[in-house]
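To keep things clear, I will list the structure first and then write my remarks on it.
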Amino acid sequence: MPKRKATELETEPPALRRSTRRKPASLDVPANEPKETKSKPNTPLKSGKTKAIQKAHTTKSTSAKPANTPKLNGNDDKPTPSDRWYWLMKAEPESRFENGVDVKFSIDDLASKTEPEPWDGIRAYAARNNLRSMKKGELAFFYHSNCKEPGLVGTMEIVQEHSPDLSAHDSKAPYYDPSSKPEDPKWSVVHVKFRSKFAQSIGLKELREMGKPGRPLENMQMLKQSRLSVSRVSPSEWEYLMDLVQKQGGEKLNAT
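Next up, the structure:
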């Protein structure tokens, strides 16, 4: 449409010039004048076309920039796929029965294990997807949940990457899921080992205070998605919290 409008406007001036020049009888019209008349309207057309091309080129270049320079959401220090992630995993240290089974599991229970412990019972897709993203050797905070004093109490290591959660197929298990089939398992586990217990826990109230706008934990996934039982921890969040642990008495390499 813009090209048609420009062409229609440019065809009118030559007709006006011819009708004006015929009135004086004494004036001779040079033979080459029509050529000059034609060239004049052509110049703006080329100029306009060039500008349109330049504008289109500029628009393409501008729109292409975001695709070439993606921005990260949340923390700027989020690792690339080849880097290490840290995690936060919740368990209940006080007795609670599910399907007739006590699901209590504390940092002390983990410390007493002599073999890698399967982190089973995860029945939420977001938490499961985080489990599946874990790599061997990565570290996680152990978080006491659904208790009188919830908070970070220690650390553990991912020693085996995700595999099917077989407890989902056991009708006597606390988190039995009949929709998950052995031939097409829906849920996953990772295996973990105890690494340390904090001399002093970092309570939920403290974490929320540190998660206020402008504070170091303002983008922490656990604080933004409080019901998530397995969440990511950025390197800067991990470093900040571990520095706080050292200031509050450090870590114990055994639970006693």
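Those letters in the sequence shown? Residues 1 to 256, per UniProt numbering, in order. In this text, a Cβ means the ideal position worked out from N, Cα and C, and glycines have one as well. Computed from a prediction, not measured in an experiment: that's the story for all the values here.
Subject >> Residues near Tyr-86 by beta carbon distance below 6 Å, same chain, minus five either side >> reply: So the qualifying residues of the chain are Leu-139, Val-233, Trp-238.
Original post:
Candidates Met-210, Met-220, Gln-200: which alpha carbon is nearest Gly-249's?
Top reply: Ranking Met-210, Met-220, Gln-200 by Cα distance to Gly-249 puts Gln-200 first.
Original post:
From Ser-231, Lys-148, Asp-243, pick the residue whose C-alpha is nearest to that of Phe-142; which is it?
Top reply: Sorting Ser-231, Lys-148, Asp-243 by C-alpha distance to the C-alpha of Phe-142 places Ser-231 at the top.
Subject >> Whole-angstrom C-beta distance between Tyr-175 and Ser-167, which should lie under 8 Å >> reply: About 6 Å separates the beta carbons of Ser-167 and Tyr-175, which is inside the 8 Å limit, making them a contact pair.
Original post:
On the premise that Cys-147 lies in contact with Pro-93, defined as a C-beta separation below 8 Å, what is that separation, rounded to the nearest angstrom?
Top reply: Yes, Pro-93 and Cys-147 are in contact; Cβ-Cβ is about 5 Å, under 8 Å.
Original post:
If you check the beta carbons only, do Ile-158 and Lys-136 fall under 8 Å apart?
Top reply: Cβ distance < 8 Å, so Ile-158 and Lys-136 count as in contact.
Original post:
Looking at Leu-228 and Leu-217, is the spacing between their C-beta atoms short of 8 Å?
Top reply: The beta carbons of Leu-217 and Leu-228 sit no closer together than 8 Å.
Original post:
Beta-carbon separation of Met-220 and Lys-193 under 8 Å?
Top reply: With a cutoff of 8 Å on beta-carbon distance, Met-220 and Lys-193 are scored as not near each other.
Original post:
If we ignore side chains and look at the alpha-carbon of each, how far apart do Pro-150 and Pro-235 end up?
Top reply: Approximately 22 Å between the Cα atoms of the pair.
**OP:** Just the C-alpha distance for Leu-244 and Pro-178, rounded to the nearest angstrom, thanks.
**Re:** For Leu-244 and Pro-178, the distance between alpha carbons rounds to 43 Å.
Subject >> Simplified DSSP assignment, three categories, for Gln-221 >> reply: In this structure, DSSP gives Gln-221 a helical state, which the three-state scheme calls helix.
Subject >> The beta strand (DSSP E) enclosing Ile-107, as first and last residue numbers >> reply: Membership of Ile-107 in any beta strand (DSSP E) is not indicated; the residue belongs instead to the alpha helix (DSSP H) covering 107 to 111.
**OP:** Please list the segments of the beta strand (DSSP E) lying wholly inside the UniProt domain "EVE" (86 to 243), counting only runs of 3 or more residues, in order along the chain.
**Re:** Runs of the beta strand (DSSP E) inside the UniProt domain "EVE" (86 to 243): 86 to 91, 139 to 144, 151 to 164, 188 to 203, 230 to 233.
**OP:** Identify, in the order they occur along the chain, each residue of the same chain with its Cβ nearer than 7 Å to the Cβ of Pro-118, setting aside the five sequence neighbours on each side.
**Re:** Taken in chain order, the residues that qualify are Val-189, His-191.
Original post:
What's the C-alpha gap between Val-153 and Ser-196?
Top reply: Whole-angstrom Cα-Cα distance: 9 Å.
Subject >> Selection from Ser-226, Glu-98, Leu-241 that minimises the alpha carbon distance to Ala-126 >> reply: By alpha-carbon distance to Ala-126, the top candidate from Ser-226, Glu-98, Leu-241 is Ser-226.
**OP:** Work out the CA separation of Lys-172 and Lys-252 for me, nearest whole Å.
**Re:** In a straight line, the C-alpha of Lys-252 is about 36 Å away from that of Lys-172.
**OP:** Please go through the same chain and pick out, in chain order, the residues whose beta-carbon is closer than 8 Å to the beta-carbon of Met-222, but skip the five residues on each side of it.
**Re:** So the qualifying residues of the chain are Leu-88, Tyr-143, Leu-207, Leu-228, Ser-231, Val-233.
**OP:** Would you check if the distance between the CB atom of Ala-91 and the CB atom of Ser-163 is smaller than 8 Å?
**Re:** Ala-91 places its beta carbon 8 Å or farther from that of Ser-163.
Original post:
Are the Cβ atoms of Asp-170 and Asp-120 separated by less than 8 Å?
Top reply: Against a cut-off of 8 Å, the Cβ pair of Asp-120 and Asp-170 comes out as no contact.
Original post:
By a C-beta neighbour count over all protein chains shown, 10 Å radius and 16 as the cutoff for buried, is Ser-112 buried or exposed?
Top reply: By the neighbour-count rule (16 or more Cβ atoms within 10 Å), Ser-112 is not buried but exposed.
Original post:
Looking only at C-alpha atoms, which of Phe-198, Lys-224, Val-103, Thr-114 sits nearest to Gln-246?
Top reply: When the alpha-carbon of Gln-246 is set against those of Phe-198, Lys-224, Val-103, Thr-114, the nearest one is in Phe-198.
Original post:
Exposed or buried, Arg-215, counting other C-beta atoms within 10 Å across all chains shown (16 or more means buried)?
Top reply: With fewer than 16 Cβ atoms within 10 Å of its Cβ, Arg-215 is classed as exposed.
Original post:
Lys-252 bridges to which residues according to DSSP?
Top reply: Answer by DSSP bridge pairing, in chain order: Lys-197.
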